[in-house]
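Visitor:
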Amino acid sequence: MAHSFHWPGKRFFYAIGNTSAVSLARDVAPDQDLSLLLLGCGDPRNVLFTLFSEHESATRKLDFTCVDYEPAILARNILLLSMVIDDKDAENIFDIFFHLYLEKGISGESRYGSTLRMSSEHTFTELRRHWDQYAKMHALPNPELCTIVADFKAVVTGIQNQYHPSAVGHTSRSAGPLMPHASKILSECFRDFWKYGTTFVSPTRRSAANLLNPTFVYTQDGVGCRVHYGTDPVMPFHLAPIFGNLHAAPSRSDIVNGIRTQFREWCSAFHRYHERGLCVVRVFFADAIFGASALRVCNESGAMHTRIPVCQSRTETIKLDEEEYRRAPLVFDVVDTSNLDDYIGLLNVLVVSIPLLSSSGNVVLYLESLRIQGHVDNAPKDLTERFHADLTVMSVLFRLYPVDFIAGYSTRSNIHELLAYKSLALRVAVPRQYHQTTTWKTLTSDPPVVESWQLGTLLYDLYRSLFEEEDSETFEQHHRTGTMAAVESDSRSHYCRESFVMLLKFVRDRLQISREQWIAVLDRFFSIHCFDRLNSKKMDTLHFHDFCGLLHFHGVHTVDHYRLQCLTPTELFSAWHKIPPLVRVFLTVPREKLNVLTDATPILQASMIGTSMMNVFSSVHSAFGIVSRMGTPANPKASFEEDPRGFRGTKPLVISFVMPAMLLAGQGPGYDHPRDICIALNMKNNCLNSHYYAKKLGIYLEIHSAELFDSESVLVLPEQPLPSGFSTSLNIPSTSGQIGSRGPISASFNEECDLMESFSAKITVEDELAKAALQSSAAVTASALDARTISFSSCSGEEHRKKSLWIEIIVPLRSAFTQGKVDINPFPIALDNLVPTSLERPPKLDQWLNVHVVAAFSEREARTRKDKGTDTMMFVKDTIHSIIVQASGIQPKGSSPHRIFTLLNKATNNCDTVFLVDQLRFDLSAHTIVCDGFVLPLTFERMIEMIMIDEQNLAKLLSQARRIPMEPGEAKSWKQLLPVLVERCRTWKHRDSCQYASEGRVPLTTEMEAIPLCACGEGQDVQRMHDVPLWKPFAKYCTRIALSPLFAVSYVENVGGKDRSCCVCRTKVPFRCPKCKKDRYCSTVCQKKDWDRHRQRHHNYWEK
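Residues 1 to 1104 (UniProt numbering) are what the sequence shown spells out, left to right.
(1) Can you tell which of Ala638, Asp151 and Pro309 has its C-alpha closest to the C-alpha of Val585?
(2) Spatial neighbours of Leu755 within its chain, please: C-beta separation below 6 Å, excluding the five flanking residues on both sides.
(3) Applying the 10 Å Cβ sphere with the 16-neighbour rule, what's the burial state of Tyr229?
(4) Can you give me the Cβ contacts of Thr317 inside the same chain, cut-off strictly under 8 Å, excluding the 5 residues immediately before and after it?
(5) Take Leu565 and list the residues in its own chain whose beta-carbon comes closer than 7 Å to its own, dropping the five residues that flank it on each side.
(6) Measure the C-alpha to C-alpha separation of Arg226 and Val217 and round it to an integer number of angstroms.
(7) Report whether the distance from the Cβ of Ser574 to the nearest heavy atom of the ligand ZN is below 8 Å.
(8) Could you pull the DSSP bridge partners for His305 from this structure?
(9) Answer yes or no: do His557 and Leu466 have a C-beta to C-beta separation smaller than 9 Å?
(10) What is the DSSP secondary structure of Pro581, counted as helix, strand or coil?
(11) Buried or exposed for His435, please, with buried defined as at least 16 other CB atoms from any protein chain shown within 10 angstroms of its CB.
(12) Buried or exposed for residue 1107, going by 16 or more other Cβ atoms inside 10 Å?
(13) So which of Leu350, Lys381 and Ser359 has the shortest CA-CA distance to Tyr366?
(14) If you drop the 5 nearest sequence neighbours on each side, which residues of the same chain put their C-beta closer than 6 Å to that of Leu1004?
(15) When you compare only the Cα positions, how much space is there between Tyr1051 and Lys956?
(16) Three or more C-beta pairs closer than 8 Å, one from the region 48–63 and one from the region 153–172: is that the case here?
(17) So residue 1108 is in the beta strand (DSSP E); what residue range does that whole segment cover?
(18) Leaving aside the five residues before and after residue 1111 along the sequence, list all residues of the same chain whose C-beta is less than 7 Å from its C-beta, in chain order.
(19) Would you grab the beta carbon distance between Gly42 and Ile73 for me? Rounded to a whole angstrom, and I think it's under 8 Å.
(20) Using the Cα positions of Tyr14 and Thr231, report the straight-line distance between them to the nearest angstrom.
(21) By DSSP, does Trp7 sit in helix, in strand, or in coil?
(22) Can you find the residues in the same chain that come closer than 6 Å, C-beta to C-beta, to Arg205, ignoring five residues on each side of it along the sequence?
(23) Restricting to runs no shorter than 3 residues, where is the beta strand (DSSP E) found entirely within the region 381–424?
(24) For Pro1033, which three-state DSSP category applies?
(25) According to DSSP, which residues form a beta bridge with Asn615?
(26) In angstroms with no decimal places, state the Cα-to-Cα distance between Glu642 and His122.
(27) How far does the alpha helix (DSSP H) with Thr457 in it reach, from first residue to last?
(28) Run the CB neighbour count on Arg515, radius 10 Å, all protein chains shown included, and call it buried at 16 or more, exposed below.
(29) Does the distance from the C-beta atom of Tyr325 to that of Ser119 stay below 9 Å?
(30) Examine the Cβ distances between the region 233–249 and the region 182–195 and report whether three or more of them are shorter than 8 Å.
(31) Within 8 Å, do at least three Cβ pairs link the region 737–749 to the region 445–453?
(32) What does the alpha-carbon distance come out to for the pair Leu769 and Arg276?
(33) Between which two residues does the beta strand (DSSP E) containing Lys762 stretch?
(34) In the DSSP assignment, what are the bridge partners of Phe284?
(35) Which runs of the beta strand (DSSP E), 3 residues or longer, sit entirely within the region 94–173?
(36) What residue range does the alpha helix (DSSP H) around Asn682 cover?
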């Protein structure tokens, strides 16, 4: 298992999502059929909202595969979708899915049809078991039912008391930019839900809802209330329209009616897609890592029976349904990983999800996190901390990049999250949550060639970063402040040695490294590892054989003493014909020994303890049941009888792990005799576990141990390694271009091997015209078309003859976050970071806009703006800001909304672009607003045509336009941006004769008084222009656009201003002096202490 084994002593049931729904199709073109994988899918809100966000005339097919480790979640989802298919009353469906208690007479009976599918037989079996429990619960014998109801009520009451009467912050996250206005009323809604178990406002209906909802009672852990204490039916919905479209603060009834209306619209969209046969929802019960691995194995080998376990605490293996997977996708256009990052670690998520992305160019991976993990004192930077290496370096190794990091901006606002985090940090020592979503796309270039020495060094630095804090001294050095938060984070550690082994295998395959080079890479890795281990007292020594054994097991690398191993069959192996390098050890743990783990979730490990040595093994599998010996002494085997009741049963726990056989053979100096060896189950030795359990379990935190030759408790079997899977081809085939063929792309690091410095490639000139140009004293010029594309040309230059007909290009790494002019296209048409949005669906924005549009600027940009510096991206953001605030009527103060704008080139005093803003709407998934409008590009010829059509209205339109002056260099960026603004809301298809395709470039031009857009969208989807008499004559020349703020990337740049400190004690402060508005204080006590200095320094203010 490539994840630490956390004992599941207390697991919560996340029956309802804790973030607002998003469209999973938001980053792909609207005319492309989609296969979508939801790892850790949770409730079906994103499936429903994705379909709701599609244009009503859309005809593309969407195929969802939903994977979750909790079968109760999948059972509830299928129940909901089945009722929608059956066209049941949406109000009743809402109550059944979201309410803890139901009114009498509500029926959840339904059927599922062709739209709903099962990935495997074990999925269907588990879901059917849950449905059967739902149907029979209220028919249970009265004493049994009363016990269930009373126990459930006791837990609910405890949660209710826990939050009463405190404010609840997490529920207001779904209000987006209106979060500060929503906190109070949503806290009341949250407390009402846990008090009454419903969203009803009417006292009569609250009283009538007294039947316990069985869909919240049963999970894979048994019967009871395991519903997470933060659950709130309001959170999956979009609350900004509810708060933003009312002139007064909304009541509880307004909120409930609003979310029910949204739910009804989502269900209607799903029903419509079902009726048209355009949607499939397939559910798959499996742990995310195992489920993703099974899909990958099936895709690579065609094997349906993968022999991969369903989850870490079960022995049942995944066997995909053969009939279903004749047509079901195994690779996907969209992979959404929910917030699995919080539960299995970012690197683990990437390693299992990237191989499932389709090889087609337009694919997307979504990552999300809620918990603050590494960077507790600076949550916005937490993402980069969780990589344990430079973000650019990891993007190159994974051949995957975060689009906002490359672009330097994001259309998704998280300003409300930043403000909430900073506000909470003033009142709470360590805020626990910070919601962050990132969008990733694959690099379409060939995998780079990395020098072996540099790659080996980088990989060892990554290994050390992952595991160095296992050593207590290192941990204390790193966390002299914020120790308690660090201790908590360490107790949730996601990475074990197998995690790193799987990462190595992934990098090797991703970069297509040959066997010879891979040996050189790991030789460098182990040369550093050996020196580091011998010169320190790190815990890593105890894990060395765990690491080496797993490298061999997964076919990643075989260290010399495994390759040269020659063990004599004595003692434990006396009857074996041949002793393999690896064995699998089974340890039976009596159930009573597990009482110490009640309601606890520590990391568990296995260990081998002798008189002179100890080794720890972190990849542990477990299940309740009986393991029995089978086979012969020469060829031992085992069978396992699993306890069907699991944690609620009576059979003991059996753990198993892989280890090197030589440690148990007792042959050679330094190895213990097999009779002196014990096998044990331990807690991981960290600060938290030692504090709570050392007195009970001893310094080794040993839960149970048994001697190696205890045949009742220990069983050892031979274990065969997995295939190595080396690529049969070298890194890169040659790539042909117009002037010749390009060789491999090489990536170079700095001296420390921790930062990327440059990329280089050699082009062999083969084209005869190019050869002639080079040989006739022509110079070669290179120009960057965008952040990823470079073009070459030859021109006359200085007289120097090229003897070798090749060109080598070396490209230094460029950051999108540098101040100054942007020389390349920051808005490539690949839609990397200006995501499509359906302008038909978001609710209108009725005369509301708050200051969050100002927060689009980073601190650096704001400072440049204030100092009147030069930064093209800042100029574009400033122009967008001007358009939005004037279109909303916010500025100038007291003005009415303005709807017509032109971009004025200050250098020529000319305007060639007209924006017609129809409406301002909410962009729900992005937590911001969007201008729904049209663009009218102007040329001299077009102006003549329009004058001929309606000279009077044209003159009137241009005279009413508000001129927005552009700074130097900005006009070019707007020409580059316009095609992407069109693509964001496109509902039409590009024609076969599209100029983008025929001319091979987007935009068509960046020159003034020239049209950068293709003609495919002109006059398309402009019906609303016909409602405005002034606009109507020119509708055929216009193209629809969606314009929204471009926000700074908060995990790279500081956003929202620096945290100010108290003038006296330097702690974070809530207020500043009302007179001078400069000095800040944390309290009146500090203000009084500073009175003399403050009065003298600001004498003029006080004299006034």
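Where a beta carbon is used, it is the ideal one built from N, C-alpha and C, also for glycine.
Guide: Answer, in terms of the structure:
(1) Check the Cα spacing between Val585 and each of Ala638, Asp151 and Pro309: the tightest is with Ala638.
(2) Asp390
(3) Label assigned to Tyr229: exposed.
(4) His305, Thr306, Arg307, Ile308, Pro309 and Val310
(5) At residue 565 the sequence reads Gln, which differs from the Leu that was named. Excluding positions up to five away in sequence, the list reads Pro581 and Met662.
(6) Roughly 8 Å separates the two Cα atoms.
(7) This structure lacks the ligand ZN, and indeed carries no ligand of any kind.
(8) Lys319
(9) no
(10) Pro581 sits in coil when the DSSP states are folded into three classes, being neither helix nor strand.
(11) buried
(12) Residue numbering for the chain in the displayed model covers 1 to 1104; residue 1107 lies beyond these limits and cannot be assessed.
(13) Among Leu350, Lys381 and Ser359, the Cα nearest to that of Tyr366 belongs to Leu350.
(14) Correct list, in chain order: Gln995 and Pro1012.
(15) 46 Å
(16) no
(17) Nothing about residue 1108 can be read from this structure; the chain reaches only from 1 to 1104.
(18) What the structure shows of the chain is the stretch from 1 to 1104, and residue 1111 is not part of that stretch, so it cannot be assessed.
(19) 6 Å
(20) If you draw a straight line from the Cα of Tyr14 to the Cα of Thr231, it comes to about 7 Å.
(21) Residue state, collapsed to three classes: coil.
(22) none
(23) Counting only runs of 3 or more residues that sit fully inside the region 381–424, the beta strand (DSSP E) segments are 400–402, in chain order.
(24) helix
(25) Residue pairing for Asn615: DSSP places it in a beta bridge opposite Met608.
(26) 15 Å
(27) Ser452 to Phe467
(28) exposed
(29) yes
(30) yes
(31) yes
(32) 55 Å
(33) Met756 to Val765
(34) Val67
(35) The beta strand (DSSP E) runs of length 3 or more contained entirely in the region 94–173 are, from start to end of the chain, 116–118.
(36) DSSP places Asn682 in no alpha helix (DSSP H) but in the uninterrupted beta strand (DSSP E) bounded by Cys678 to Met683.
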